[in-house]
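Here the sequence shown stands for residues 29 to 194, where the numbers follow this note's numbering.
Step one of this worksheet: look at the structure below.
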Amino acid sequence: MRTLMIEPLSKEAFAPFGDVIETDGSDHFMINNGSTMRFHKLATVETAEPEDRAIISIFRAEALDMPLTIRMLERHPLGSQAFIPLLGNPFLIVVAPLGDAPVSGLVRAFLSNGRQGVNYHRGVWHHPVLTIEKRDDFLVVDRSGAGNNCDEHYFTEEQLMILSPH
29 MRTLMIEPLS KEAFAPFGDV IETDGSDHFM INNGSTMRFH KLATVETAEP EDRAIISIFR
89 AEALDMPLTI RMLERHPLGS QAFIPLLGNP FLIVVAPLGD APVSGLVRAF LSNGRQGVNY
149 HRGVWHHPVL TIEKRDDFLV VDRSGAGNNC DEHYFTEEQL MILSPH
């Protein structure tokens, strides 16, 4: 079974999968008579249909036992999905490139520093939210609308991977 190497999250490394939402190194301009720095358009909400809407939710995640066997990934074919940590805690991200099904050998793992969020592009395969803390909160921006917006893929026994952050 392959052990996933955990990479630090960076805009360049994560670009094939989506956007890293962070202020470090991001363009900005001043607003509110110079009292506020706006880091503008750090990610774009993607929706499939004109009647779809972008929504904002909070997910409260419970930590899974580590090391974790990666048995499945999911994707959202009708819209993007962003996760922004609310409590400043690092969290794990597991992704695979676009395709009809995720390829086990192309799965990658990243570690957010707790000040970085991610926006999975529409159709990108990813593991459901992976908190390192016992419980953590995330601001989630995604799509609401008609149609099935969650495909799940389960790996065969030969394709399973291990995620071990310690």
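By construction, the Cβ of each residue, glycine as well, lies at the ideal position given by its N, Cα and C atoms.
As the structure is a computational prediction, the values presented were derived from the model and not from experiment.
Backbone CA spacing between SER192 and PRO95 [nearest angstrom] | Position 164 of the sequence shown, counting from 1, holds the residue named residue 192. Position 67 of the sequence shown, counting from 1, holds the residue named residue 95. In a straight line, the C-alpha of SER192 is about 4 angstroms away from that of PRO95.
Of the choices ILE86, GLU185 and PRO44, whose alpha-carbon is the least far from that of GLY127?
-> Taking the sequence shown and counting its residues from 1, one reaches residue 127 at position 99. Taking each of ILE86, GLU185 and PRO44 in turn and checking the Cα distance to GLY127, the smallest one comes out for PRO44.
Looking only at C-alpha atoms, which of GLY151, PHE138, ARG66 and ARG88 sits nearest to PRO105?
-> In the sequence shown, the residue the question calls residue 105 occupies position 77. For the set GLY151, PHE138, ARG66 and ARG88, the Cα lying nearest the Cα of PRO105 is the one of GLY151.
Can you give me the Cβ contacts of LEU115 inside the same chain, cut-off strictly under 7 angstroms, excluding the 5 residues immediately before and after it?
-> Along the sequence shown, one-based indexing puts residue 115 at 87. Only ASP164 and ASP165 meet the Cβ criterion.
Every unbroken beta strand (DSSP E) inside the region 88–172 [3 residues or more] | As far as the region 88–172 is concerned, its whole beta strand (DSSP E) runs of at least 3 residues are 96–98, 100–103, 109–113, 119–124, 136–140, 145–148 and 163–172.
Pick from PRO156, SER85 and PRO113: whose alpha carbon is nearest that of ALA137?
-> Taking the sequence shown and counting its residues from 1, the one referred to as residue 137 is at position 109. Among PRO156, SER85 and PRO113, the Cα nearest to that of ALA137 belongs to PRO156.
In this structure, what does DSSP give as the bridge partners for SER85?
-> For the purposes of this step, residue 85 is taken as the residue at position 57 of the sequence shown. Paired residues: VAL168.
Using the C-alpha atoms, what's the distance from GLY145 back to VAL168?
-> Your numbering for residue 168 matches position 140 in the sequence shown. Your numbering for residue 145 matches position 117 in the sequence shown. Their backbone Cα atoms lie some 10 angstroms apart in a straight line.
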